[in-house]
Each structure stands twice: as C-alpha cells, then as structure tokens.
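This report concerns only the one structure given below.
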Amino acid sequence: MFSAEIVRLPEGAPPRGRRSVRDAGRITVAMPGRVGDQGARSLCRISDLSTSGARLKTFEPLVPNSVVMVRLPNQPPRRARVVWADEYTAGCAFETPIEQALFDALVAIYGFTPALPEIAMFRMG
Numbered sequence: 623m624f625s626a627e628i629v630r631l632p633e634g635a636p637p638r639g640r641r642s643v644r645d646a647g648r649i650t651v652a653m654p655g656r657v658g659d660q661g662a663r664s665l666c667r668i669s670d671l672s673t674s675g676a677r678l679k680t681f682e683p684l685v686p687n688s689v690v691m692v693r694l695p696n697q698p699p700r701r702a703r704v705v706w707a708d709e710y711t712a713g714c715a716f717e718t719p720i721e722q723a724l725f726d727a728l729v730a731i732y733g734f735t736p737a738l739p740e741i742a743m744f745r746m747g
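Just add 622 to the spot in the sequence shown (first one is 1) and you have this note's numbering.
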C-alpha cells in the first residue's frame, strides 16, 4: 500500500523545490514606466526589477497570461507576459531579458536605498 499527496500549483508557478526565475537578482526600485497592449500607453510605477521581469503598479488591472508592452525609462517598449495580477499590481516576465549593463544602470538611478541607521535618529516623530 502507498499514499501520495497531490498539490495543485497555480498556473505558472515553479515546481516545488525549484526557484522561480524571478527570484534571481530582484531589486526594489521606484521607477516610472508605461504599460499597454500596443506600445506601452498607460503610466505605471515599477516597484521591483530583475533582468527577467518587473513588478508593476498600474492604474488599470492587467490580466494574467496576457502579453503587454512595458516601457522602462529611456528604452523602447519590450514584450512581457503577465505572470500574476492582483487588482492594480502585476508581475511580468520579459520575453527577452534585459541586459545586465542596462539593469545595473537603472538600479543605480532608481534603486531604493533604505535610510542608514545613523540618519534615522534625526527623524521627527
């Protein structure tokens, strides 16, 4: 006799024991962007970035598994698939990963740096 546990994973989730591609190199950013179905027309805020994708905060809900065009600052629109969406936040996977040099440049400009402990003592409240 044997027993087994069957667990249904959400569509697009990596199998248990394997890391998701998006986990590698994700950096918190505060970056303006654009998103749309034909050329990145709506404004959005990019809140984290990796070479393989981004988390977007949008003004309109995006549909999981749809293909959108995401425009990073000073870059042409790039195709991305909406992996997950929760109201006005969505995770997208770029069809073609961004180059490491571009990623490094964007993080240098838009990367979020938490306040240093030495500075925190000067905060009011």
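Cβ coordinates follow ideal geometry from the N, Cα and C atoms, glycine included.
Please state whether DSSP places residue i in a helix, a strand or coil.
{"i": "L678", "result": "strand"}
{"i": "D726", "result": "helix"}
{"i": "I731", "result": "helix"}
{"i": "S669", "result": "strand"}
{"i": "S688", "result": "coil"}
{"i": "T718", "result": "coil"}
{"i": "P654", "result": "strand"}
{"i": "R700", "result": "strand"}
Quick test of your reading: residue i and residue j, contact by CB under 8 angstroms. State the CB separation rounded to the nearest angstrom.
{"i": "F681", "j": "L665", "result": "7 angstroms"}
{"i": "A752", "j": "C714", "result": "Residue 752 lies beyond the stretch modelled for the chain, which goes from 623 to 747, so this question has no answer here."}
{"i": "T673", "j": "Q722", "result": "6 angstroms"}
Going by C-alpha distance, which of the options is nearest residue i?
{"i": "A727", "options": "R663, L694, L678", "result": "L694"}
{"i": "A702", "options": "I731, R667, F725, G658", "result": "G658"}
{"i": "W750", "options": "F734, V689, G733", "result": "With the chain represented from 623 up to 747, any question about residue 750 goes unanswered, as that position is not in the structure."}
{"i": "I720", "options": "L678, V692, E709", "result": "V692"}
{"i": "K679", "options": "D708, E717, F725, V729", "result": "D708"}
{"i": "Y710", "options": "P683, F725, I668", "result": "P683"}
{"i": "V704", "options": "F716, N696, Q697", "result": "F716"}
Drop a sphere of 10 angstroms on the beta-carbon of residue i, count the other beta-carbons inside from all chains shown, and report buried for 16 or more, exposed for fewer.
{"i": "A712", "result": "buried"}
{"i": "V685", "result": "exposed"}
{"i": "G647", "result": "exposed"}
{"i": "R644", "result": "With a pLDDT of 47 at R644, under the threshold of 50, the predicted position of this residue should be treated as unreliable, and no value is reported."}
{"i": "I731", "result": "exposed"}
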